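Peer 1: All you need for my numbering is the position in the sequence shown, starting with 1, plus 222. Here a beta-carbon is modelled for each residue, glycine too, at the ideal position from N, C-alpha and C. The structure displayed is predicted, hence computed values, not measured ones. Take a look at this one; I'll ask things after.
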Amino acid sequence: MLVFITVDYAELSREAARIIANAMRKKPDLRLGLATGDTQLGVYRELVRMHREDHLDFSRVVTFNLDEYIGLPAGHPQSFRSVMQRNLFDHVNITASQIHIPDGSPRDNFDEVCRGYEEEIRHAGGIDLQVVGIGKDGHIGFNEPSSSLASRTRPKTLMQQTINDNRHNFPSKEEPPAAAITMGIGTILEARQILLLASGAAKAKAVALAVEGPITASVSASALQMHRDVTALVDRDAAADLQHKDYYRKSLEMTRKLTPNRLW
Ligand code: F6R
């Protein structure tokens with residue numbers, strides 16, 4: 223894993239957007255895996271700016287979002303579909319047919335939705351670059367602790383901590399969803415490249431466990447250690463509990479000299 227420690231959230235957002243934009247320029251029909259959550263908002267602002275000012279082209283990109291809440295009515299402002307529209311898709315040259323987000327609208331059985339989502343990813347040729355955030359409990363996507371490291375897209379019950387963390391996005395009288403459809407850890411690990419983003423002191427423990435802890439289903443992000451091409455972009459606060467910060471800085475410098483292509 224290549225660990226890149228940024229000064230702050232602004233630099234993290236710029237670097238993440240630069241990495242995504244470079245991947246899009248290299249492969250205009252990039253299969254791009256996206257995430258929601260507060261961490262991603264600065265990245266989307268930067269991508270929108272690059273579209274407006276630098277003509278960053280989304281016309282052939284195909285996107286797959288990691289997850290979607292279960293049970294919100296269509297058009298709910300906090301559904302991940304609405305959040306993505308508002309923060310990215312409405313502002314760039316992408317059409318509905320290029321966008322994939324699991325359908326979490328109420329129904330009796332979600333098996334078919336989940337199987338269909340896996341099929342759509344396969345049909346598109348797999349995901350080239352998957353962006354993930356990290357929860358305080360170490361989740362990626364909504365793969366909460368105890369998720370199988372081989373899991374595929376499926377409904378997942380959310381930990382109370384995750385529900386509470388999501389609460390600030392919902393009106394005070396509205397209970398946030400207790401479940402979501404999420405790509406599995408096995409699904410995420412099949413992406414060709416993965417970009418992990420983490421910002422703020424609240425993520426420091428989860429980041430340290432994910433990067434330096436043992437691989438365990440109790441911290442689903444630790445499964446990223448098994449992937450051969452992961453870049454972790456973390457700001458100084460989120461990196462606070464990492465033991466080998468100096469080594470990561472040195473290693474990044476060395477990578478710049480020895481294998482600059484690794485740095486996108
Ligand atoms: C959302 C997702 C989650 C978030 C994580 C961090 O699509 O997959 O794993 O990335 O919960 O959320 P924020 O960025 O709000 O702290």
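1) Touching or not, the region 386-404 and the region 283-291, by the rule of three or more beta carbon pairs under 8 Å?
2) Check the DSSP bridge columns for Ile341 and list the partner residues they point to.
3) Does the region 314-334 come close enough to the region 382-394 that 3 or more CB-CB pairs lie under 8 Å?
4) Could you tell me the alpha carbon to alpha carbon distance between Gly348 and Tyr470, rounded to whole angstroms?
5) Can you tell me which of Ile362, Glu342, Pro324 puts its alpha carbon nearest to the alpha carbon of Ile410?
6) With a CB to CB cut of under 6 Å and the five nearest residues on each side skipped, what residues in its chain are close to Tyr266?
7) So is Arg253 buried or exposed if we call it buried at 16+ other beta carbons inside 10 Å?
8) So which of Val441, Ser440, Gln447 has the shortest CA-CA distance to Leu417?
9) According to the neighbour-count rule (16 or more other Cβ atoms, all chains shown, within 10 Å of its Cβ), is Pro399 buried or exposed?
10) If we cut at 9 Å on Cβ distances, does Tyr469 have a partner in chain B?
11) Would you mind listing the alpha helix (DSSP H) stretches within the region 323-375 that are 4+ residues and don't spill past its ends, in chain order?
12) Would you report the Cα separation of Val225 and Thr379, rounded to the nearest angstrom?
Peer 2: Let me spell this out:
1) yes
2) Locating residue 341 in the sequence shown gives position 119, counting from the first residue. The sequence shown places Glu at residue 341, not Ile. Bridge partners of Glu341: none, in fact.
3) no
4) Taking the first residue of the sequence shown as 1, we reach residue 348 at position 126. Taking the first residue of the sequence shown as 1, we reach residue 470 at position 248. If you take the alpha carbons of Gly348 and Tyr470, they lie about 30 Å apart.
5) Counting from 1 along the sequence shown, the entry for residue 410 is found at position 188. Ile410 has its Cα closest to that of Ile362, out of Ile362, Glu342, Pro324.
6) Within the sequence shown, the letter at position 44 stands for residue 266. Excluding sequence neighbours, Tyr266 sits near Asn309, Leu310.
7) Position 31 of the sequence shown, counting from 1, holds the residue named residue 253. Buried is the call here.
8) In the sequence shown, the residue the question calls residue 417 occupies position 195. Taking only the C-alpha atoms, the option nearest Leu417 is Gln447.
9) What you label residue 399 is simply residue 177 of the sequence shown in a count that begins at 1. Classification of Pro399: buried, given that the 10 Å Cβ count is 16 or more.
10) Among the chains of the structure shown, chain B does not appear; only one protein chain is present.
11) 333-345
12) Position 3 of the sequence shown holds residue 225. Position 157 of the sequence shown holds residue 379. About 30 Å.
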